[in-house]
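A.B. asks:
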Ligand SMILES: [Zn+2]
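In the working numbering, the protein residues as written are 24 to 338.
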């Protein structure tokens with residue numbers, strides 16, 4: 024063999040060796056890529072569940088919110104594409120059949136039998152709408168369970184368990200994030216309890232829909248809402264007049280309104296009573312703008328607390 028062909032032969036061997044090395048490297052890398060593709064898919068109907076899953080799951084999950092930001096929560100009906108989305112998910116989170124009556128239908132029709140379903144209201148004592156509202160026959164229970172932070176902690180715990188069940192190898196990752204998040208919720212709860220302990224006005228008067236039963240019960244406040252749970256009805260003249268009378272008689276300084284809908288009722292009350300208007304957010308959904316900014320459930324609750332402290336004149 025000539026010197027030239029020896030060099031050629033060596034080059035060939037080297038090339039083969041490189042190809043083999045690349046092959047083995049790709050073998051090592053390949054399962055990792057597959058793992059990334061197997062990201063845990065979580066779908067939540069409402070913002071609080073979406074936000075909690077995002078906080079606990081971090082980069083290990085891809086979470087989507089079924090309700091488009093800004094959409095009306097209580098009259099939402101899913102589209103066919105939503106059925107497909109849920110069918111492809113690992114975890115589906117919703118409140119309960121009294122809030123999302125269509126969820127049962129979806130669960131019965133989807134082929135994905137592996138899906139873990141979290142019914143957030145399971146194990147939570149439901150509170151009824153205690154005001155006189157026309158839609159009470161359809162909506163007896165207040166679905167805004169997350170407004171009692173104790174409930175939110177339970178829901179966060181259920182989400183953590185479900186994530187671990189889907190991906191046991193990430194157990195420590197989820198537990199650490201979950202503990203961290205639950206600590207933040209606990210701090211929020213402590214802040215609420217401490218700040219709302221001594222208030223001059225003990226009643227939240229809300230010009231929006233019935234949403235604050237859990238929050239009021241937790242912190243020993245009274246509350247009334249002008250609209251029922253589904254908030255598609257108009258307030259009756261008599262309910263409007265009785266609120267105006269109450270504000271005047273009891274010297275109530277603030278009326279709370281809903282940010283996502285037109286505060287026309289609060290404006291009428293303000294005109295009549297000189298009560299000031301303050302926003303109070305049930306946190307069930309966000310405006311598109313806030314959603315894109317990444318506003319969190321805890322942030323909304325912190326703002327709610329500031330407004331409650333001012334509006335109820337707490338020390
Ligand atoms: Zn609501």
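Cβ coordinates follow ideal geometry from the N, Cα and C atoms, glycine included. These figures come from a predicted structure and were not determined experimentally.
#1: Counting only the same chain and skipping the five closest in sequence on each side, list residues whose C-beta sits under 8 angstroms from that of residue 3.
#2: Give me every residue whose Cβ sits closer than 6 angstroms to any heavy atom of ligand 1, in chain order.
#3: Under a three-way DSSP split, which group does residue 81 fall into?
#4: Return the residue from the list 188, 221 and 259 that minimises the CA-CA distance to residue 242.
#5: Rounded to the nearest angstrom, what separates residue 259 and residue 235 at their Cα positions?
#6: In angstroms with no decimal places, state the Cα-to-Cα distance between residue 117 and residue 257.
#7: Who pairs with residue 341 in a beta bridge, going by DSSP?
#8: Starting from residue 248 and walking both ways along the beta strand (DSSP E), at which residues does that stretch end?
#9: Alpha carbon to alpha carbon, how far is residue 144 from residue 172? Give it in angstroms, no decimals.
#10: When you compare the CB positions of residue 252 and residue 313, do they come within less than 8 angstroms of one another, or not?
#11: Can you give the Cα-Cα distance for residue 14 and residue 289, rounded to whole angstroms?
#12: Can you tell me which of the three DSSP states residue 227 falls into?
#13: Decide if residue 215 is buried, meaning its Cβ has at least 16 other Cβ atoms within 10 Å, or exposed.
#14: To the nearest angstrom, report how far apart residue 200 and residue 78 are at their CA atoms.
#15: Could you tell me whether the Cβ atoms of residue 182 and residue 33 are closer together than 8 angstroms?
#16: Would you identify the three-state DSSP class for residue 147, choosing helix, strand or coil?
#17: With DSSP run on the structure shown, which of helix, strand or coil describes residue 139?
#18: Can you tell me the Cα-Cα spacing of residue 297 and residue 245, whole angstroms?
#19: Which term fits residue 329, buried or exposed, when burial requires 16 or more other beta carbons within 10 angstroms of its beta carbon?
#20: Do you know whose CA, among 197, 226 and 168, lies nearest residue 333's CA?
#21: Got a sec? Which residues, its chain only, sit under 6 angstroms from residue 190 by beta carbon, not counting five neighbours each side?
#22: For the beta strand (DSSP E) that contains residue 115, what are its first and last residues?
#23: Helix, strand or coil for residue 291? Go by DSSP, reduced to three states.
#24: Out of curiosity, what's the CA-to-CA distance linking residue 131 and residue 125?
#25: Where does the unbroken beta strand (DSSP E) through residue 280 begin, and where does it stop?
C.D. replies: So, to answer that:
#1: Because the chain in this structure spans residues 24 to 338, residue 3 falls outside the shown range and cannot be described.
#2: Qualifying residues, in the order they occur: 96, 97, 167, 232, 234, 305 and 307.
#3: One-based indexing of the chain shown puts residue 81 at position 58. Residue 81: helix per DSSP, three-state reduction.
#4: The sequence position of residue 242 within the chain shown is 219, counting from 1. The residue with the shortest Cα to Cα distance from residue 242 is 221.
#5: Here residue 259 refers to the residue found at position 236 of the chain shown. Here residue 235 refers to the residue found at position 212 of the chain shown. Cα-Cα distance, rounded: 20 angstroms.
#6: Numbered from its first residue, the chain shown carries residue 117 at position 94. Numbered from its first residue, the chain shown carries residue 257 at position 234. For residue 117 and residue 257, the distance between alpha carbons rounds to 27 angstroms.
#7: This structure cannot settle anything about residue 341, because the visible part of the chain is limited to 24 through 338.
#8: Taking the chain shown and counting its residues from 1, the one referred to as residue 248 is at position 225. Under the DSSP assignment, residue 248 falls in the beta strand (DSSP E) whose first and last residues are 245-250.
#9: In the chain shown, residue 172 corresponds to position 149, counting from 1. In the chain shown, residue 144 corresponds to position 121, counting from 1. Distance from the CA of residue 172 to the CA of residue 144, rounded to the nearest whole angstrom, comes to 13 angstroms.
#10: The residue given as residue 252 occupies position 229 in the chain shown. The residue given as residue 313 occupies position 290 in the chain shown. The answer is no: Cβ separation not under 8 angstroms.
#11: It is not possible to answer for residue 14, since the shown part of the chain is limited to 24 through 338.
#12: Here residue 227 corresponds to residue number 204 of the chain shown, with the count starting at 1. In the structure shown, residue 227 sits in a strand (DSSP, three-state: E or B).
#13: As a position in the chain shown, residue 215 is number 192, starting the count at 1. Buried is the call here.
#14: Sequence index remark: in the chain shown, residue 200 carries index 177 (1-based). Sequence index remark: in the chain shown, residue 78 carries index 55 (1-based). Here the alpha carbons of residue 78 and residue 200 stand approximately 7 angstroms from one another.
#15: Position 159 of the chain shown, counted from the start, is the residue given in the question as residue 182. Position 10 of the chain shown, counted from the start, is the residue given in the question as residue 33. In this structure, residue 33 does not lie closer than 8 angstroms to residue 182 by Cβ.
#16: Residue 147 sits at position 124 when you count from the first residue of the chain shown. Of the three classes helix, strand and coil, the one that applies to residue 147 here is coil, per DSSP.
#17: Position 116 of the chain shown, counted from the first residue, corresponds to residue 139. Reduced to three states, the DSSP call for residue 139 is strand.
#18: In the chain shown, the residue the question calls residue 297 occupies position 274. In the chain shown, the residue the question calls residue 245 occupies position 222. So the alpha carbons of these two residues sit roughly 21 angstroms apart.
#19: As a first step, residue 329 must be located in the chain shown, where it is residue number 306. By the Cβ-count criterion, residue 329 is exposed, with fewer than 16 other Cβ atoms from all chains shown falling within 10 Å of its own Cβ.
#20: Counting from one through the chain shown, the residue named residue 333 turns up at place 310. Among 197, 226 and 168, the Cα nearest to that of residue 333 belongs to 226.
#21: Taking the first residue of the chain shown as 1, we reach residue 190 at position 167. Closer than 6 angstroms at Cβ, skipping near neighbours: 63.
#22: Your numbering for residue 115 matches position 92 in the chain shown. Counting along the chain, the unbroken beta strand (DSSP E) around residue 115 starts and ends at 114-117.
#23: Counting from one through the chain shown, the residue named residue 291 turns up at place 268. The answer is helix: DSSP assigns residue 291 an H, G or I state.
#24: Residue mapping note: residue 131 aligns to position 108 of the chain shown, counting from 1. Residue mapping note: residue 125 aligns to position 102 of the chain shown, counting from 1. Near 10 angstroms, if we compare the C-alpha coordinates of residue 125 and residue 131.
#25: Here residue 280 refers to the residue found at position 257 of the chain shown. Its beta strand (DSSP E) spans residues 277-280.
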